[in-house]
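Per our numbering, the very first residue in the sequence shown carries number 175; after that it's consecutive. From the three backbone atoms N, C-alpha and C, an ideal C-beta is built for every residue, glycine too. Fair warning: this is a prediction, and the values are worked out from it, not measured in the lab.
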Amino acid sequence: MRTKKLAKILLHTTDSIIGNLTDFMLVQLFWTLGSIGATTPYKLHKAMDNAQSFVEYEFNYQTIKRSVYSLASKGFIKRLRNRSRLEFEITRLGKKRLTAIFPYYQSKRPWDGYLYLVSYDIPVKSNYQRNRLRTYLIKIGCALLQQSFWITPYNPTDILSEFSIKYHLPGTILVSKLGKDGSIGDEKIEDLVTRAYKLDEITELYQEFIDTYSNKIKPPNIETTMLEYYKILKKDPQLPFELLPKNFPAQKAYSIVAQYLFQNVFGQNK
């Protein structure tokens with residue numbers, strides 16, 4: 175495997191896909207297997223060696239070994255015994271965890287037809303709480319329009335109310351809605367959404383991916399292809415289809431990896 179290149183993709187990208195060493199080790203086992211199935215102790219140690227070469231500047235071999243034990247204790251992998259050798263397998267729970275680690279393309283995106291504008295007035299002296307709210311707004315899919323003014327296509331009223339009560343946020347959080355035919359100033363909704371969610375940039379990333387990996391005479395390397403795709407999908411807000419620019423290339427990019435991902439990897443048909 176192209177260890178250094180794959181390591182760079184996994185560990186040194188913006189908005190890293192894999193958040194901790196245990197998940198990283200599960201993914202490394204998956205790549206070493208090539209498909210979800212049984213593996214021998216040799217392959218397990220090979221995966222551990224590969225993982226160490228990826229993260230040797232942060233973790234030692236014993237730490238990586240403990241992460242494998244953690245996978246077993248959580249039920250993500252299990253030992254299989256037959257007459258001739260000891261084998262390991264990624265369990266159904268492990269496969270489920272893999273699907274949670276990697277983002278997925280949402281083919282259904284119901285929408286009520288409104289955009290929701292979020293603003294807040296939290297005292298400057300409560301800067302920690304302001305930052306906590308900003309982080310949460312990003313987590314639930316809001317995009318920043320300007321200072322203290324955010325937008326989202328999904329009604330955030332209830333979850334923001336719960337969040338405010340839970341963390342005792344001072345000040346006021348306001349949510350208002352805007353129809354898809356509305357505008358803010360001279361800017362149309364389509365242009366506003368494109369700007370706020372940086373859809374032009376995401377379009378370029380998807381197009382570069384399509385140009386690189388489609389229409390190949392020789393099949394591309396699966397690991398690299400999928401990880402490059404996930405890097406882009408992680409940035410894609412996956413907005414309602416009605417709000418996307420014409421010919422937005424996300425679906426075409428998804429089609430490149432979908433068949434392998436769901437049929438060969440997770441044993442599903444989409």
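Given a cut-off of 8 Å, decide if residue j and residue i are closer than it, judged by their beta-carbon atoms.
{"i": "L289", "j": "I325", "result": "yes"}
{"i": "K409", "j": "I376", "result": "yes"}
{"i": "S350", "j": "L291", "result": "yes"}
{"i": "P414", "j": "R283", "result": "yes"}
{"i": "Q280", "j": "Q425", "result": "no"}
{"i": "F383", "j": "A427", "result": "yes"}
{"i": "Y380", "j": "P423", "result": "yes"}
{"i": "I275", "j": "V201", "result": "yes"}
{"i": "G287", "j": "G345", "result": "no"}
{"i": "P277", "j": "L401", "result": "no"}
Please return the same chain residues whose Cβ sits closer than 6 Å to the Cβ of residue i, not counting the five positions on each side in sequence.
{"i": "V367", "result": "L417"}
{"i": "R271", "result": "F250"}
{"i": "M175", "result": "The predicted position of M175 is uncertain, since its pLDDT is 44 and thus under 50; no value can be drawn from it."}
{"i": "T331", "result": "V349"}
{"i": "D295", "result": "G345 and T346"}
{"i": "V229", "result": "Note that V229 scores 49 on pLDDT, short of 50, meaning its location in the model is unreliable; the coordinates nonetheless yield the value given after this. Hits under 6 Å: none found."}
{"i": "S300", "result": "P344"}
For the ligand ATP, I want to know if residue i counts as a neighbour, meaning its beta carbon is within less than 7 Å of at least one of the ligand's heavy atoms.
{"i": "L373", "result": "Within the structure as shown, the ligand ATP is missing, as the structure has no ligands at all."}
Go ahead and label residue i buried or exposed: buried means 16 or more other beta carbons lie within 10 angstroms of its beta carbon, across all protein chains shown.
{"i": "E336", "result": "exposed"}
{"i": "Q320", "result": "exposed"}
{"i": "P297", "result": "exposed"}
{"i": "I264", "result": "buried"}
{"i": "S190", "result": "Caution is warranted here: a pLDDT of 49 is assigned to S190, below 50, making its placement in the model unreliable, and no coordinate value can be reported."}
{"i": "T196", "result": "buried"}
{"i": "S209", "result": "The predicted model places S209 with a pLDDT of 43, which falls under 50 and marks its position as unreliable; any figure quoted below should be read in that light. That one is exposed."}
{"i": "T399", "result": "buried"}
{"i": "I312", "result": "exposed"}
{"i": "S429", "result": "exposed"}
{"i": "S241", "result": "buried"}
{"i": "Y302", "result": "exposed"}
Quickly, what does DSSP pair residue i with across the bridge? List them, please.
{"i": "V292", "result": "W324 and V349"}
{"i": "A317", "result": "I325"}
{"i": "E361", "result": "I358"}
{"i": "K252", "result": "E263"}
Leaving out five residues before and five after residue i in sequence, what residues of the same chain have Cβ atoms less than 7 Å from its Cβ?
{"i": "S293", "result": "S322, F323 and L348"}
{"i": "Y371", "result": "A317, P411 and L413"}
{"i": "D374", "result": "T368"}
{"i": "I358", "result": "L366"}
{"i": "W285", "result": "P327, P414 and E416"}
{"i": "R257", "result": "Per-residue confidence for R257 stands at a pLDDT of 49, beneath the threshold of 50, marking its modelled position as unreliable; no derived number is given."}
CB-CB under 8 Å to residue i, same chain, minus the five flanking residues each way: which ones, in chain order?
{"i": "S247", "result": "none"}
{"i": "K252", "result": "A246, F262, E263 and T265"}
{"i": "I333", "result": "I314"}
{"i": "N329", "result": "D286, Y288, Y290, V349 and K351"}
{"i": "K361", "result": "What sits at residue 361 in the sequence shown is Glu, not Lys. The residues are R369."}
Mind checking if residue i is an interface residue toward chain D, Cβ cutoff 8 Å exclusive?
{"i": "T309", "result": "Included in the structure is just one protein chain, with no chain D present."}
Subject >> At least three beta-carbon pairs within less than 8 Å, the segment 337-350 to the segment 306-318 >> reply: Verdict: yes, contact present.
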